[in-house]
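As structure tokens, the structure follows; a few thoughts come after it.
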DNA sequence: AGATAATGTGTTTATTTTACACATTAAATC
DNA sequence: GATTTAATGTGTAAAATAAACACATTATCT
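Residue numbers (my numbering), protein chains in the order written: chain A, 216 to 461; chain B, 216 to 461.
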């Protein structure tokens with residue numbers, strides 16, 4: 216379309232080459248991914264942290280991050296970084312938010328995209344432990360390096376909301392679990408206590424639990440029944456209308 | 216911390232300079248922002264689109280985007296791009312998602328971050344109309360350039376969820392509005408019809424509407440009462456517990 | 001056999017959501 | 001000014017959901 220008389224319909228046309236030049240020669244920015252890996256262990260919510268790579272920030276804990284390679288999909292980078300830092304490769308990651316302040320990183324302009332996951336600490340043994348990688352109680356996390364405290368808080372809130380709307384939690388439990396296991400999980404993540412009877416009622420009403428007709432072993436009290444989550448049925452379900460509420 | 220005997224606590228220490236080198240010399244990627252601006256006009260939900268800058272894609276519509284400058288905060292870039300493309304500068308933007316496939320853009324590797332807004336079409340006159348910028352019915356949006364269709368769909372779903380949990384909608388209405396205005400807005404965005412009496416009851420129960428003791432003017436039927444939204448009261452309110460549901 | 005420490009179940013009440021019908025008001029028309 | 005029109009404004013009953021709450025049961029441990 217050409218420019219029209221009244222000047223209202225100017226068209227900016229650029230050749231592919233011109234845009235390629237822009238994309239390749241100017242304004243390029245370091246891009247990183249930070250992984251916020253939550254885990255559940257002994258009825259507590261944990262998060263994986265390492266000592267910062269950066270000498271100046273060695274005394275501080277930081278999230279698992281690295282730069283994204285030029286020919287690497289963003290989510291591939293997240294999986295690669297998790298694998299490099301922990302050895303884990305059978306974990307589901309979800310993007311949460313991008314953080315892009317000019318001065319957020321001391322080494323220069325680095326925009327980072329946060330990815331989140333929830334895993335079962337007992338079932339995902341860490342294979343790499345460089346930089347003092349280990350699980351921290353989420354309650355004790357403070358003073359992380361750079362803006363990682365903000366990223367962590369954003370992801371923690373995201374997780375608390377997410378787990379109420381999606382069955383994320385079942386990846387943290389063994390395939391067969393008791394309702395007490397399930398409730399402990401929700402209580403740990405949401406940092407609250409719930410009524411056991413109403414909790415059970417709620418989950419039975421959702422009708423995604425399959426009774427596997429087994430009971431807990433080696434518990435010093437009456438063993439609970441075990442269930443598994445019906446992922447097939449959940450996948451088929453069309454999400455119900457939520458309703459206005461704020 | 217030094218490497219310990221069993222090799223389990225290797226520490227990767229990098230000097231600031233070493234990381235600066237990484238950040239500055241390698242792996243830098245073009246980063247863009249795409250703005251998905253929703254508007255409400257004549258009881259319909261609209262979205263702002265332009266003809267693609269890129270000659271090869273001229274026949275297709277695209278979102279309002281541009282590269283992020285090296286010394287520019289991500290959200291500043293979003294506001295700058297919106298201003299450049301439309302002349303609008305009094306609009307609130309929220310980040311939705313980053314899109315980072317290697318091959319998503321024909322000009323090379325460009326990671327983009329989508330930002331969203333909702334504005335009142337009548338109260339935000341577009342000052343720039345280059346590249347055929349104008350409002351499109353969301354229902355008619357299809358075949359956008361690049362991966363913009365996916366970005367648009369993600370933002371549309373985000374908006375539908377968001378407006379049920381936050382009072383975004385009130386920015387689209389005049390300061391004083393009738394309950395019919397409000398319902399039309401929700402019906403347009405959620406693409407559904409609601410019961411008028413229950414809708415009113417719900418909003419009155421929330422108790423964020425202030426009766427301004429005025430009525431609609433120039434309507435060819437019984438005029439409705441006008442209300443304004445109590446932003447102060449909303450700001451003070453601590454968000455209520457939502458409850459597990461999926 | 002009894003104490004212990006859990007699980008498993010049900011009812012009542014309160015709250016929220018849904019469905020649904022009629023009187024009221026201002027403007028437009030005759 | 002009486003009538004028609006096209007909305008607004010209000011209330012109630014039924015259904016579904018959430019919250020509060022107590023007791024019997026079961027396996028283990030002593």
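Ideal Cβ placement from N, Cα and C applies to all residues, glycine included.
Does chain A have any CB closer than 8 Å to the CB of residue i?
i, result
"residue 286/B", "yes"
"residue 401/B", "yes"
"residue 230/B", "yes"
"residue 322/B", "yes"
"residue 415/B", "no"
"residue 312/B", "yes"
"residue 379/B", "yes"
"residue 382/B", "yes"
"residue 302/B", "no"
"residue 392/B", "no"
"residue 461/B", "yes"
"residue 296/B", "no"
Alpha carbon to alpha carbon, what distance is there between residue j and residue i?
i, j, result
"residue 316/B", "residue 444/A", "32 Å"
"residue 429/A", "residue 418/A", "18 Å"
"residue 231/B", "residue 421/B", "52 Å"
"residue 427/B", "residue 442/B", "5 Å"
"residue 245/A", "residue 314/A", "12 Å"
"residue 340/B", "residue 249/B", "20 Å"
"residue 322/B", "residue 366/B", "18 Å"
"residue 285/A", "residue 325/B", "9 Å"
"residue 288/A", "residue 438/A", "47 Å"
"residue 440/A", "residue 425/A", "11 Å"
"residue 388/B", "residue 401/B", "11 Å"
"residue 220/B", "residue 372/B", "Reliability of the predicted coordinates at residue 220/B is poor, the pLDDT of 41 falling under 50, and the value obtained from them is presented with this limitation in mind. About 53 Å."
"residue 290/B", "residue 369/B", "19 Å"
"residue 259/B", "residue 414/B", "19 Å"
"residue 455/A", "residue 270/B", "43 Å"
"residue 309/A", "residue 274/B", "34 Å"
"residue 295/B", "residue 292/A", "29 Å"
"residue 384/A", "residue 398/A", "10 Å"
"residue 406/B", "residue 298/B", "29 Å"
Counting along the chain, where does the beta strand (DSSP E) carrying residue i start and finish?
i, result
"residue 310/A", "309 to 314"
"residue 329/B", "325 to 335"
"residue 352/A", "349 to 352"
"residue 341/A", "Element bounds for residue 341/A: n/a, residue is neither H nor E."
"residue 304/A", "First-last for residue 304/A: undefined, no H or E at that position."
"residue 280/B", "279 to 282"
Go to residue i, then tell me how far its alpha helix (DSSP H) extends in each direction, as first and last residue.
i, result
"residue 272/A", "That residue, residue 272/A, is in no alpha helix (DSSP H); it is neither H nor E in DSSP."
"residue 414/B", "411 to 421"
"residue 245/A", "Per DSSP, residue 245/A belongs to no alpha helix (DSSP H); it is in the beta strand (DSSP E), 243 to 256."
"residue 429/A", "No alpha helix (DSSP H) contains residue 429/A, which is instead part of the beta strand (DSSP E) from 424 to 430."
"residue 476/A", "Absent from the structure is residue 476/A, since the part of chain A shown begins at 216 and ends at 461."
"residue 446/A", "446 to 451"
"residue 396/B", "394 to 405"
"residue 374/B", "363 to 380"
"residue 231/B", "231 to 240"
Can you find a C-beta in chain B that's less than 8 Å from the C-beta of residue i?
i, result
"residue 282/A", "yes"
"residue 326/A", "yes"
"residue 361/A", "no"
"residue 457/A", "yes"
"residue 367/A", "no"
List, in chain order, every chain B residue whose beta-carbon is nearer than 9 Å to that of residue i.
i, result
"residue 306/A", "The contacting residues do not exist; residue 306/A stays about 19 Å from chain B at best."
"residue 271/A", "230 and 231"
"residue 245/A", "237, 238, 239, 241, 242, 243 and 244"
Interface residues of chain A around residue i at Cβ under 8 Å?
i, result
"residue 316/B", "288 and 289"
"residue 268/B", "227, 228, 229 and 234"
For the ligand SAH, any of its heavy atoms closer than 7 Å to the Cβ of residue i?
i, result
"residue 360/B", "Ligands in the displayed structure: none, and consequently the ligand SAH is not present."
Please compile the residues from chain B whose C-beta is within a distance smaller than 7 Å of the C-beta of residue i.
i, result
"residue 351/A", "Within 7 Å Cβ-Cβ: nothing; residue 351/A doesn't reach chain B, min ~16 Å."
Can you pull the chain A neighbours of residue i, defined as C-beta to C-beta under 7 Å?
i, result
"residue 346/B", "226 and 227"
Check: Should the segment 225 to 243 of chain A be regarded as contacting the segment 252 to 268 of chain A, the criterion being three or more beta carbon pairs within less than 8 Å?
Finding: no
Notebook entry, point to check: Counting pairs of Cβ atoms below 8 Å between the segment 255 to 270 of chain A and the segment 339 to 356 of chain A, do you hit three or more?
Noted result: yes
Checklist line | Inter-stretch contact (C-beta, 8 Å, three-pair minimum) for the segment 400 to 417 of chain A and the segment 425 to 442 of chain A | finding: no
Notebook entry, point to check: Does the pairing of the segment 356 to 365 of chain B with the segment 393 to 405 of chain B give three or more beta-carbon distances under 8 Å?
Noted result: no
Item checked: Given 8 Å, three or more beta-carbon pairs between the segment 360 to 367 of chain A and the segment 270 to 279 of chain A -> yes
Note to self: Whether or not the segment 322 to 335 of chain A and the segment 301 to 311 of chain A are in contact is what I'm after, with contact meaning three or more pairs of Cβ atoms, one per stretch, closer than 8 Å; do they touch?
What the structure shows: Here the segment 301 to 311 of chain A makes contact with the segment 322 to 335 of chain A; the two share three or more CB pairs at distances below 8 Å.
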